[in-house]
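Everything below concerns the one structure shown next.
2 protein chains.
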Amino acid sequence: MEIPKPTESELEILQVLWTYGPSPVRFVCDKLNEHREVGYTTALKLMQIMVDKGLAIRNTDQRSHIYEAAISESETKTRLLDQFVDSTFKGSAMKMVMQALGQHQASKEELDEIKALIERMERESQ
Amino acid sequence: MEIPKPTESELEILQVLWTYGPSPVRFVCDKLNEHREVGYTTALKLMQIMVDKGLAIRNTDQRSHIYEAAISESETKTRLLDQFVDSTFKGSAMKMVMQALGQHQASKEELDEIKALIERMERESQ
DNA sequence: AAGTATATACGAAGACTTTCGTAATTGCAA
DNA sequence: TTGCAATTACGAAAGTCTTCGTATATACTT
Chain A
1 MEIPKPTESE LEILQVLWTY GPSPVRFVCD KLNEHREVGY TTALKLMQIM
51 VDKGLAIRNT DQRSHIYEAA ISESETKTRL LDQFVDSTFK GSAMKMVMQA
101 LGQHQASKEE LDEIKALIER MERESQ
Chain B
1001 MEIPKPTESE LEILQVLWTY GPSPVRFVCD KLNEHREVGY TTALKLMQIM
1051 VDKGLAIRNT DQRSHIYEAA ISESETKTRL LDQFVDSTFK GSAMKMVMQA
1101 LGQHQASKEE LDEIKALIER MERESQ
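Protein sequence lines correspond, in order, to chains A and B.
Take the first sequence: its position 118, counted from the start at 1, is 118 in our numbering, and no numbers get skipped.
Here our numbering = 1-based position in the second sequence + 1000.
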């Protein structure tokens, strides 16, 4: 069986693991609680399920088990982005980019960065 | 929250209603079946639930009820995009744009369009 | 009028997600 | 050692989403 798409809660946990590296439940739970209230056993259960699903791996050498993301950040975000573009923008990533650019504030630096990327793409497509 | 976020199935139905306008269940069901198998009563039930949730409205004058999207396409996509950016890219729309540009093929026309949009934004931000 | 096709109404099953209570286990400290 | 704090294990409840079977109602056809 393939590794399933992470749920909303699982994605929150993955973000913590991606950002801070392998961590015990207590740490992840504390990080989650910076944004919303999550009980300790709730976080524990979610992380145990993530191991079952293949979304995380854990080291049980210590009493406090250490959990680590089992799927890569960039590949996962690529996949989620693909699915989101398919379902919401009927597969047109450019339509989505246009909408994102239109509705979000961007700094001059960011805009320059995107322009540079576009120009690089144009050169490569020749 | 007033009107809830549409589910995956509900979004599929909304796409049909946005594209083709007010439609009976039979028509929507046929459109869904161009992409995946969906039973008639399944589509019916989903659309009835959408009316309950305020995602759609229906006209019951005729025997075949006519369903219509109750939420606007652009506002809904804006909202879904916001939530997706928050959950997957921690609120950085620009990071997502960069990733989308990097991973998807774009035609020269599309890239030009995006460049024009960026230049317009740069002018406006001065 | 009778029978057939099509539509709606409704309930419930099954899968999935999230949450939490409780028991069992382990480490530490008085 | 005894008791307390922290951890894991586990089951189950509650909510949601999707699917479908069946009953009922309505129109059409012959």
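Cβ atoms here follow ideal geometry from the backbone N, Cα and C, with glycine treated the same way.
The contact set of Glu122 of chain A on chain B, defined by CB atoms closer than 8 Å, consists of Lys1108 and Leu1111 in chain order. Neighbourhood of Leu1117 of chain B in chain A, by CB distance below 8 Å: Met98, Leu101 and Gly102, in chain order. A distance of 8 Å or more separates the beta carbons of Met50 of chain A and Val25 of chain A. Neighbours of Thr1078 of chain B across chain A, judged by C-beta separation under 8 Å: Gln99 and Gln103.
When DSSP states are grouped into helix, strand and coil, Ala1056 of chain B belongs to the strand group. Of all alpha-carbon atoms in B:Leu1080, B:Ser1023 and B:Ala1100, the one lying nearest the alpha-carbon of Ser92 of chain A is that of B:Ala1100. By the rule that beta-carbons nearer than 8 Å mark a contact, Glu8 of chain A touches chain B. Nearest CB-CB separation between Thr88 of chain A and chain B: below the 8 Å threshold. Within chain A, the residues whose beta carbon sits less than 7 Å from that of Phe1084 of chain B are Phe84, listed in sequence order.
A direct Cα-Cα distance of roughly 49 Å separates Thr1042 of chain B from Lys108 of chain A. For Ser87 of chain A, the three-state secondary structure derived from DSSP is helix. If you draw a straight line from the Cα of Cys1029 of chain B to the Cα of Glu34 of chain A, it comes to about 43 Å. Relative to Thr1019 of chain B, the option among B:Lys1090, B:Ala1069, B:Glu1010 and B:Leu1055 whose CA is nearest is B:Ala1069. Rounded to whole angstroms, the gap between the alpha carbons of Thr1088 of chain B and Lys1095 of chain B is 10 Å. Annotated as proximal: Val1097 of chain B and Ile114 of chain A, with beta-carbon spacing under 8 Å. Counting every other CB atom within 10 Å of its CB across the protein chains shown gives Ser1023 of chain B a total of 16 or more, marking it as buried. Contact with chain A is found for Leu1081 of chain B, since one of that chain's Cβ atoms lies less than 8 Å from the residue's Cβ. Excluding its 5 nearest sequence neighbours in each direction, His65 of chain A has C-beta neighbours in its own chain below 6 Å: Arg58, listed in chain order. Counting the other CB atoms within 10 Å of its CB gives Glu110 of chain A a total of 16 or more, which places it among the buried residues. Scanning B:Arg1120, B:Lys1090, B:Arg1123 and B:Arg1079 for the CA closest to the CA of Pro1006 of chain B turns up B:Arg1079. The C-alpha of Leu1032 of chain B lies about 7 Å from the C-alpha of Val1038 of chain B.
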